[in-house]
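Going by my numbering, the sequence shown opens with residue -4, and the numbers climb by one from there. These notes are about the structure you will find just below.
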Amino acid sequence: MKLAHFSFLPFLLVVLISLIGATFADSHGNFLICLHLRPANSSTNSKVIYMQNNPSYSSVLNAYIQNTRFITPATPKPLVIVTALQISHIQSTIYCSKKHGLQIRIRSGGHDFEGLSYVSEVPFVILDLLNFRAVKVDVKNEVAWVESGATLGELYYGIATKTKTLAFPAGVCHTVGVGGHFGGGGYGILMRKYGLAADHVIDALLIDVNGRVLDRKSMGEDLFWAIRGGGGNTFGIVLAWKIKLVQVPAVVTVYTVNKNLEQNVVKILNQWQYIARKLPNDLFTDVTMTKVNSSQAGKKTVQAAFKGLFLGGVDKLIQLVQDTFPELGLTKKDCLELSWAESVLYFGGVPTQSLEIMLNRTALGRPTFKTKSDYVKEPIPESGLQGIMSRFLEKEADIALMMMVAFGGKMEEIAETELPYPHRAGNLFQASYLVGWTNGEDEGKYISWIRRLYSYMGTYASKSPREAYYNYRDLDIGTNNVGYTSYEQASIWGRKYYKNNFKRLAQVKTMADPMNFFRNEQSVPPLSSPWKKKSN
C-alpha cells in the first residue's frame, strides 16, 4: 500500500521559526534542533509541528481527546505535537525523542480510556497519526489496507460505499482509531460470527525503534503476533494494516427490547445468561443496564436494554428468538432491517439515515468518564443481579451503565494463545462498567462508585487472574513505574489483560525494543533488559 507521502521543507522551516527564543540547553530545544538536522525531502506543507506557544497548539491537542476528564489545566501537556505527513517525519520523531530522552505517545483516535495516548507524567511528545488515514478496499480479493490514523467509521464507510455484502468485525464506535483498536484486539457485533478485528489482520507495516519500515515477512511471525492484540505501539509504530474482509448479507436485522424492574427484568436477564452463549453464530446479543425514570412520578428504576444483530431477515430472527428465548417477548415492532454498515451506527447510538456521519472523527458530545471491565464465566444468580441493580439506584449512577456482551460462537473455536488477546472459550460474557459526570464536578465520588461496583462484581467475575480487556484500559489494576519497571511488577496488570500470553509478549519486547523506548504506564516491558532507571 502506498502510504501518505509529502515532502519535508516546511517541516524544517517550522522548526527553524519555532526555535527562535527557545532554550537550546534543555531536551525540548535539543529535540527541535535534532528534527531540523535530520535529512529529509523538500516539502510544501507546514502543518507538522505544534509547540506550546503555537496558537493552534491547544486546538490540535484537544481535537481528539475523547474523554474530557483529561482536558484540565492540571493535565500534563506534550512539549511538542508532531502531526506527521510522511514516514520520514515519524522516523525523525523516533530518532530525536530517543536521543534526547523524551517519551513518545502515539495517538490515532484519542480513545484511550486512561488518556495514555496523549498524557504522560514525564516530558513527552505526541506523534499524532491523523494524517495517516488512507483506506484502500479491494472488493474482488475481499481485502483492504487501512492506515492507523483512520477511524473505524472511515474504514466502514470505505467498505460500505463499494459493497453491501462485505464487512469487517471491529467495534461500533465510529470515532475510534484503527491503530489502537486493532492493536488491542478489537471486538464488535460480528464477534460471535467471525472473532476479533485482530483475527483478520493478515499483514502490517511497522516502524521499529531503529526507524526501519517492516512488513509481516521482515518483522517475523513473533512480532506480527504481538502487534495484533498486545498493544500495537508497544513494539513499534504500526503505520497500516492489511485486513481480510468478511461476508455478510445485504440485509441484516437489529432489535432492542427494554425491560425494567417492574417488568421482571431480573428473571429475564438471568435466563439470558444461560442461552446467550449457545445461540447460533449469526446472532449477536448484548444487554446494557442503566438508571431511567420510572412510570411512577419522581421515582427511578433500572432498565436493561436487550439488543441483537442477526445476519438475516426479520422473520427468521423472530422465530429463532421465540424458540430459544421466549421470555424476551421479541416482536416485529422491536426490529429493523438494515445494511451491515447501518447496523454499526444503530449499535453505536447514532442515527442511521446517512452513512456520511461515519466520517465525523469526533464523538457527538464528548463525555467525562471512568471505565472498568470483567469476564464472567458462570451465571450470576438472581440475588447477585438484584445487588447490581440496587447499585444503579444510587445517586452517583445517574450517568452510568453496565454492558454485558455475550461470547460463544467463533470465540469458542480460537485458542487463547492464537493472539495476545486470550479471552476466548469459557466466557459467558464480557462485562464493562462506565460512570460519567459533568465536567468540573468532583470526580472522586463517581470513581468511588465504580470501584465499589467492581469490588461487588469480584464474587462473580473470573479469578486467578481476574481478567480485563486491554482496550478498556484501567490503571486501577496496576501500573508500571515512571522509570524502570520489571517484568514481575508489570505482570500484576499484564496477566489480567493477557493471562499466560504476557510472558511471550515480554520475550517479543526484549527482541524488538530491548531498551523499552516505546513505553507507558501499561506497556509490556522487556523480559530482561540492561535498561536502567531514569527520570524519564
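For each residue, glycine too, the CB sits at the ideal point set by N, CA and C. Remember, predicted model here, so these are calculated numbers, not experimental data.
Task: Own chain partners of Asp329 with C-beta closer than 8 angstroms, once the 5 adjacent residues on each side are dropped - done: Here residue 329 is taken as the residue at index 334 of the sequence shown, counted from 1. Closer than 8 angstroms at Cβ, skipping near neighbours: Tyr250, Thr251 and Val252.
Open item on the list: Let me check understanding here. Comparing Cα to Cα, which of Phe177, Thr88, Asn255 and Ile121 lies closest to Asn57?
Closed with: Translated into the one-based positions of the sequence shown, residue 57 becomes position 62. The shortest C-alpha separation from Asn57 is found at Ile121.
- [ ] Inspect the CB distances between the stretch 421 to 430 and the stretch 393 to 400 and report whether three or more fall short of 8 angstroms.
- [x] yes
Task: Continuous alpha helix (DSSP H) stretch holding Ser92: start and end - done: What you label residue 92 is simply residue 97 of the sequence shown in a count that begins at 1. Ser92 -> alpha helix (DSSP H) spans Ile82 to Lys94.
Task: Secondary structure, alpha helix (DSSP H): runs of 4+ residues fully inside the stretch 450 to 509 - done: 482 to 493 and 496 to 507
- [ ] Could you spell out the range, first to last residue, of the beta strand (DSSP E) harbouring Leu359?
- [x] In the sequence shown, counting from the first residue as 1, residue 359 sits at position 364. Unbroken run through Leu359: none, as it is neither H nor E.
Open item on the list: Please report the distance separating the alpha-carbon of Met284 from that of Val503.
Closed with: As a first step, residue 284 must be located in the sequence shown, where it is residue number 289. As a first step, residue 503 must be located in the sequence shown, where it is residue number 508. Whole-angstrom Cα-Cα distance: 40 angstroms.
TODO: Would you please state the rounded distance, in angstroms, between the beta carbons of Val208 and Trp236? I believe it to be under 8 angstroms.
DONE: For the purposes of this step, residue 208 is taken as residue 213 along the sequence shown, with counting starting at 1. For the purposes of this step, residue 236 is taken as residue 241 along the sequence shown, with counting starting at 1. That pair is no contact at about 14 angstroms.
TODO: Please classify Thr347: does DSSP put it in a helix, a strand, or coil?
DONE: Position 352 of the sequence shown holds residue 347. Three-state DSSP puts Thr347 in coil, outside helix and strand.
Task: Under 8 angstroms between C-beta atoms of Ala193 and Lys254 - done: Walking along the sequence shown from the start, residue 193 turns up at place 198. Walking along the sequence shown from the start, residue 254 turns up at place 259. Contact: no.
Task: Backbone secondary structure at Thr319 - three-state DSSP - done: For the purposes of this step, residue 319 is taken as the residue at position 324 of the sequence shown. Thr319 falls in the helix class under three-state DSSP.
- [ ] Determine, using beta carbons only, whether Val75 and Asp123 come nearer to each other than 8 angstroms.
- [x] Taking the sequence shown and counting its residues from 1, one reaches residue 75 at position 80. Taking the sequence shown and counting its residues from 1, one reaches residue 123 at position 128. For Val75 and Asp123, no; Cβs fall outside 8 angstroms.
Open item on the list: Quick check on the DSSP output: what are the complete alpha helix (DSSP H) runs of length 4 or more inside the stretch 145 to 212, in order along the chain?
Closed with: 147 to 155, 173 to 178 and 186 to 189
Open item on the list: So Ser457 and Lys372 are supposed to be a Cβ contact under 8 angstroms. How far apart are they, rounded?
Closed with: Sequence index remark: in the sequence shown, residue 457 carries index 462 (1-based). Sequence index remark: in the sequence shown, residue 372 carries index 377 (1-based). The C-beta distance from Ser457 to Lys372 rounds to 6 angstroms, short enough to meet the 8 angstroms contact threshold.
TODO: Using DSSP bridges, identify the partner residues of Asn288.
DONE: As a working note, residue 288 is residue 293 in the sequence shown. According to DSSP, which records beta bridges pairwise, Asn288 is partnered with Lys295.
Open item on the list: Given a cut-off of 8 angstroms on the beta-carbon distance, is the pair Gly179 and Asn466 in contact?
Closed with: Taking the sequence shown and counting its residues from 1, one reaches residue 179 at position 184. Taking the sequence shown and counting its residues from 1, one reaches residue 466 at position 471. Yes, these two residues count as a Cβ contact at 8 angstroms.
Open item on the list: For the ligand MN, is there any heavy atom lying closer than 7 angstroms to the beta carbon of Tyr269?
Closed with: The model on display carries no ligand, and the ligand MN is accordingly not part of it.
Open item on the list: I need the DSSP call for Thr433, collapsed to helix, strand or coil.
Closed with: To locate residue 433, count along the sequence shown from 1; it is residue 438. Correct three-state label for Thr433: coil.
Open item on the list: Rounding to the nearest angstrom, what Cα-Cα distance links Ser83 and Val260 in this structure?
Closed with: Position 88 of the sequence shown, counted from the first residue, corresponds to residue 83. Position 265 of the sequence shown, counted from the first residue, corresponds to residue 260. A straight line joining the alpha-carbon of Ser83 with that of Val260 spans about 57 angstroms.
Open item on the list: On a Cα-Cα basis, can you pick out the residue from Gly227, Ile44, Leu218 and Leu150 that is closest to Gly239?
Closed with: For the purposes of this step, residue 239 is identified with residue 244 of the sequence shown, where counting begins at 1. It is Lys, not Gly, that sits at residue 239 in the sequence shown. Ranked by Cα distance from Lys239, the first of Gly227, Ile44, Leu218 and Leu150 is Leu150.
Task: Backbone secondary structure at Ala67 - three-state DSSP - done: As a working note, residue 67 is residue 72 in the sequence shown. The amino acid occupying residue 67 in the given sequence is Thr; Ala does not appear at that position. In the structure shown, Thr67 sits in coil (DSSP, three-state: anything other than H, G, I, E or B).
TODO: Kindly confirm or deny that the stretch 429 to 442 and the stretch 349 to 363 touch, where touching means at least three C-beta pairs closer than 8 angstroms.
DONE: yes
Task: Bridge partners - Ser368, DSSP secondary structure assignment - done: Position 373 of the sequence shown holds residue 368. Answer by DSSP bridge pairing, in chain order: Ser427.
- [ ] Select from Ser213, Val132, Gly231 and Arg102 the residue whose C-alpha is nearest the C-alpha of His176.
- [x] On the sequence shown, position 181 is the one that residue 176 refers to. For the residues Ser213, Val132, Gly231 and Arg102, the minimum Cα distance to His176 belongs to Arg102.
TODO: Express the C-alpha separation of Gly148 and Ser338 in angstroms, rounding to a whole number.
DONE: Position 343 of the sequence shown, counting from 1, holds the residue named residue 338. Position 153 of the sequence shown, counting from 1, holds the residue named residue 148. Each residue's Cα considered, the two are about 12 angstroms apart.
TODO: Return helix, strand or coil for Ala300, following the three-state DSSP convention.
DONE: As a position in the sequence shown, residue 300 is number 305, starting the count at 1. Looking at Ala300 - three-state DSSP - the assignment turns out to be strand.
Open item on the list: Tell me whether the stretch 515 to 524 and the stretch 473 to 487 touch, counting them as touching only if at least three CB pairs, one residue from each stretch, are closer than 8 angstroms.
Closed with: yes
- [ ] Give me whichever residues DSSP pairs with Met397 in a beta bridge.
- [x] Along the sequence shown, read from residue 1 onward, the residue named residue 397 stands at position 402. Paired residues: Met284 and Tyr428.
- [ ] For Leu74, name the three-state secondary structure that DSSP assigns.
- [x] Position 79 of the sequence shown, counted from the start, is the residue given in the question as residue 74. Correct three-state label for Leu74: coil.
Open item on the list: What does the Cβ neighbour count give for Glu142, buried or exposed, with the cut at 16 atoms within 10 Å?
Closed with: Position 147 of the sequence shown, counted from the first residue, corresponds to residue 142. So Glu142 counts as buried.
Open item on the list: Let me check one thing: in DSSP terms, what residues is Gln242 bridge-paired to?
Closed with: In the sequence shown, the residue the question calls residue 242 occupies position 247. BP columns for Gln242 point to Leu161.
Open item on the list: Quick check on the burial criterion: 16 or more other C-beta atoms within 10 angstroms. Buried or exposed for Lys440?
Closed with: Along the sequence shown, read from residue 1 onward, the residue named residue 440 stands at position 445. Exposed.
Task: Nearest-angstrom Cα separation, counted from Gln86 out to Tyr182 - done: The residue labelled residue 182 in the question sits at position 187 within the sequence shown. The residue labelled residue 86 in the question sits at position 91 within the sequence shown. Taking the straight line joining both Cα atoms gives about 31 angstroms.
Open item on the list: On a Cα-Cα basis, can you pick out the residue from Asn265, His418 and Ala199 that is closest to Leu380?
Closed with: As a working mapping, residue 380 is identified with position 385 in the sequence shown. For Leu380, the nearest C-alpha among the options comes from Asn265.
- [ ] Alpha carbon to alpha carbon, how far is Pro73 from Asn515? Give it in angstroms, no decimals.
- [x] What you label residue 515 is simply residue 520 of the sequence shown in a count that begins at 1. What you label residue 73 is simply residue 78 of the sequence shown in a count that begins at 1. So the alpha carbons of these two residues sit roughly 14 angstroms apart.
- [ ] From the DSSP output, read off the bridge partner residues of Gln47.
- [x] Looking up residue 47 in the sequence shown gives position 52. Answer is none; Gln47 lacks a bridge partner.
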